[in-house]
Each structure stands twice: as structure tokens, then as C-alpha cells.
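A.B. asks:
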Amino acid sequence: VEQEYDQYTGGGSYTSKVELTIASQMRNVTNDNPNVVAVFTGHSELDGAVDTLRDLYEANGYEFQEVNLATNTEIDENATVGLIAAPANDFSQAEVEKLQKWLNNDGKLGRSLMVYVNPNGNCPELYNFLNVEYGIEVTDRIVYETDSNRIIGYFEPGRSGLHRFHHRYQRGKGCGRRERGAAHHPF
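In this note's numbering, the protein residues as written are 463 to 649.
(1) Within the continuous beta strand (DSSP E) that includes Thr503, where are the two ends?
(2) List the residues that DSSP assigns as beta-bridge partners of Phe526.
(3) How big is the Cα-Cα spacing for Leu531 and Arg516?
(4) Tell me, to the nearest whole angstrom, how far the beta carbon of Leu545 is from that of Val480; I am working on the premise that it is less than 8 Å.
(5) Using the Cβ count rule (16 or more neighbours within 10 Å means buried), how would you classify Lys570?
(6) Taking the C-alpha atoms as reference points, what is the distance between Ala550 and Leu508?
(7) Considering only the alpha carbon of each residue, which of Asp568, Ala547, Glu557, Asn590 lies closest to Gly510?
(8) Check whether the Cβ atoms of Thr542 and Ser574 sit closer than 8 Å, and answer yes or no.
(9) Reducing DSSP to helix, strand and coil, say where Asn584 ends up.
(10) Is the separation between the beta-carbon of Val498 and that of Asp552 shorter than 8 Å?
(11) Which of helix, strand or coil does DSSP assign to Asn534?
(12) Report back the beta-carbon spacing between Glu587 and Val558 to the nearest angstrom; my notes put them in contact at under 8 Å.
(13) Along the chain, which unbroken stretches of the beta strand (DSSP E) at least 3 residues long are found entirely within the segment 539–578?
(14) Rounded to whole angstroms, what is the Cα-Cα separation between Tyr589 and Tyr596?
(15) What does the alpha-carbon distance come out to for the pair Arg612 and Ala556?
(16) Which residues in the same chain as Gly623 place their Cβ atom closer than 8 Å to its Cβ, once the five residues preceding and following it in sequence are excluded?
(17) Bridge partners for Glu520 per DSSP, in chain order?
(18) Please go through the same chain and pick out, in chain order, the residues whose beta-carbon is closer than 6 Å to the beta-carbon of Phe526, but skip the five residues on each side of it.
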């Protein structure tokens, strides 16, 4: 049981993860193919980023594997999701090629990559790969929607562990005070 305090309303709530845990474990028992997430580490990721993501995925029934592309020659074939968790240091060309090969999956595709950007990171090789292969440009700009009627899947700051993590590193980076709304920002 977890207790949360809402600094905006002064109220609080108690929550339990029992139902989520039971449902996740039942799904694991009945699933012939394990849900594997490969998190690519070894690039001075932000403190807490990997742990926060591990907690989130393991709570939802995923097997979480840390993979250092500089030292590992292969990525688990069962991994369908890859995560890059806010690296401070760049990937080498060889690491980018391993990542690209894994994503291509011998032409079968079917794999996803999520990239969380470290606002203090210096990763031109990784950012170039994202831009050339997927048309994703990493910048230091922020997109922020202030009208909650236009938001699908509204998140309130402080409600989810990952969003709390986002806010902790965004203070002083253009988000001077916490406001209600949804932000898509460079990490």
C-alpha cells in the first residue's frame, strides 16, 4: 500500500498494487513468449532513470534486461522493446550499428525503441541515427499543452514515477514551477 499527498489540494490517497501484480503474474504464466525489454546502458544514464523504468516494466509483467552494446555482441532475440534511458555519453558507431541490426530484425521488423533524452547529454552519433533513420530531431525545445480539454491521457505532475522523474530534471530548464498539464519535453 502506498500513500500519496497532493500538494495542490492538500488531500491524499492510498493505493494498492495487488490487483496489478496478480494480473501481471497471471499473464506471465499463460504467455508462451516472454515480454522482454532490453535497456541499453553504459552511457552514464541519469541517476534513477533505469531503476524507474525497471520498476514500471516489471510491475507490468515484462522481463527487464540491461544490455551494454559496447561489451555484448548479441541482444536477446525475445526482446521486442528497446530503451535508451537518458544517456549522458554518446553511442559509438559500432553500437549504433548493433542497435540498427537488432531493430531491423532480419527484415521482419516488429521491434520498438523508446529513447529518453538527457537534457545535459552529448550524443551526436545517437541523435544523428534517430534523425537519419527515423526523422526524429532531438532539440532543447519543449512542447507544452495548457488546455486539459485537448489532452488525451492526462497526467498530473507527481502522479506517476516516470513523470516525477521527468519533473525532477526539468526544474531550472524552463519549467520554473510545477503546473497542471501535459508536457512532452527533452527527457
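From the three backbone atoms N, C-alpha and C, an ideal C-beta is built for every residue, glycine too.
Predicted model only: the values in this text are computed from it and were never measured.
C.D. replies: Quick answer:
(1) Start and end: 498–503.
(2) Paired residues: Val499.
(3) Their Cα atoms are separated by approximately 18 Å.
(4) The beta-carbon distance between Leu545 and Val480, rounded to whole angstroms, is 27 Å. This is too long to meet the 8 Å contact definition.
(5) Under the 10 Å beta carbon count, Lys570 is surrounded by fewer than 16 other beta carbons and is classified as exposed.
(6) Taken atom to atom, the span from the alpha-carbon of Ala550 to that of Leu508 is near 7 Å.
(7) With distances taken between Cα atoms, Gly510 lies closest to Ala547.
(8) In this structure, Ser574 lies closer than 8 Å to Thr542 by Cβ.
(9) In the three-state reduction of the DSSP assignment, Asn584 falls in the strand class, which pools E and B.
(10) Cβ distance not < 8 Å, so Val498 and Asp552 don't count as in contact.
(11) Under the three-state reduction of DSSP, Asn534 is assigned to coil, being neither helix nor strand.
(12) With 8 Å as the limit, Glu587 and Val558 qualify as a contact, their Cβ atoms being about 6 Å apart.
(13) For the segment 539–578, whole beta strand (DSSP E) runs of length 3 or above, ordered along the chain, are 541–547, 574–578.
(14) Tyr589 and Tyr596: Cα-Cα distance of roughly 10 Å.
(15) Distance between the alpha carbons of Arg612 and Ala556 is about 42 Å.
(16) With a pLDDT of 37 at Gly623, under the threshold of 50, the modelled position of that residue is not reliable, and no figure is offered here.
(17) The partner list for Glu520 (beta bridge, DSSP) is empty, contrary to what the question assumes.
(18) Once the five neighbours on either side are set aside, the close Cβ partners of Phe526 are Val499, Arg516, Tyr519, Glu520.
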